[in-house]
Amino acid sequence: MLDREGFRPNVGIILLNQRNEVFWGKRIRTHSWQFPQGGIKHGETPEQAMFRELHEEVGLTPEHVRILARTRDWLRYEVPEHFIRRDARGHYRGQKQIWFLLQMLGRDCDMNLRATDHPEFDAWRWNEYWVPLEAVIEFKRGVYEMALTELARYLPRINHHNRYLRAGMRPAHRERNSGPMPLEATATPPEGESQG
1 MLDREGFRPN VGIILLNQRN EVFWGKRIRT HSWQFPQGGI KHGETPEQAM
51 FRELHEEVGL TPEHVRILAR TRDWLRYEVP EHFIRRDARG HYRGQKQIWF
101 LLQMLGRDCD MNLRATDHPE FDAWRWNEYW VPLEAVIEFK RGVYEMALTE
151 LARYLPRINH HNRYLRAGMR PAHRERNSGP MPLEATATPP EGESQG
């Protein structure tokens, strides 16, 4: 399902633990790391697609997470031609994504990379929020930076119990976008998207 410009609708997932570290998955049989992501099927809303992909790739269900925010608009990346199947060249340009920021409510042992017969990851770890973009395949790096920057303002405050630490410290970052839309404020889907 491509839009008129050749972009496939997709969702990206930034999953936080209680320390505001992010789920970082190693793509199966590769050395590249990424966030969970996947296509939006015909008739699905981005939120429905996100929960389906979360289960397929990480083994979590809606009870294991809480949605903190999502990006306001589609974030796009183009796929280099040599990565595109020959029969799709000329039609397919890349992905347009809605990114979700999720808070993990479950435990690490709730995750299951083998929840389906076609796993995406063969290893995972918690990583600091500002992930090392050099570990991400080059053509996705810009979208990762945009998503992380747009959603950073919704990171929960961490309550440190150590009196020598300042509560709620966050790394400094640049605000580039007009800002994400908190989920409660999302009244209508982004342009070109059906309610499903």
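Sequential numbering from 1 applies to the sequence shown in full-length UniProt numbering. From the three backbone atoms N, C-alpha and C, an ideal C-beta is built for every residue, glycine too.
Cβ neighbours of Thr61 within its own chain (closer than 7 Å, five residues either side excluded): His55. Its chain contains Leu16, Val65, Arg66, Leu68, Pro156 as the residues whose beta carbon lies nearer than 7 Å to that of Gln103, once the 5 sequence neighbours on both sides are disregarded; these appear in chain order. The Cβ atoms of Tyr77 and Lys26 do not sit closer than 7 Å to each other. Taking Asn10 as the centre and dropping the five residues before and after it, the same chain places the C-beta of Gln37, Gly38, Gly39, Ile40, Gln95, Lys96, Gln97 closer than 7 Å to its C-beta, in chain order. In this structure, DSSP gives Val58 a helical state, which the three-state scheme calls helix. Here Gly43 is exposed: its Cβ has fewer than 16 other Cβ atoms, across all protein chains shown, within 10 Å. For Leu75, the enclosing beta strand (DSSP E) has its first and last residue at 75–78. Each residue's CA atom was taken as its position, placing Cys109 and Gly59 some 10 Å apart.
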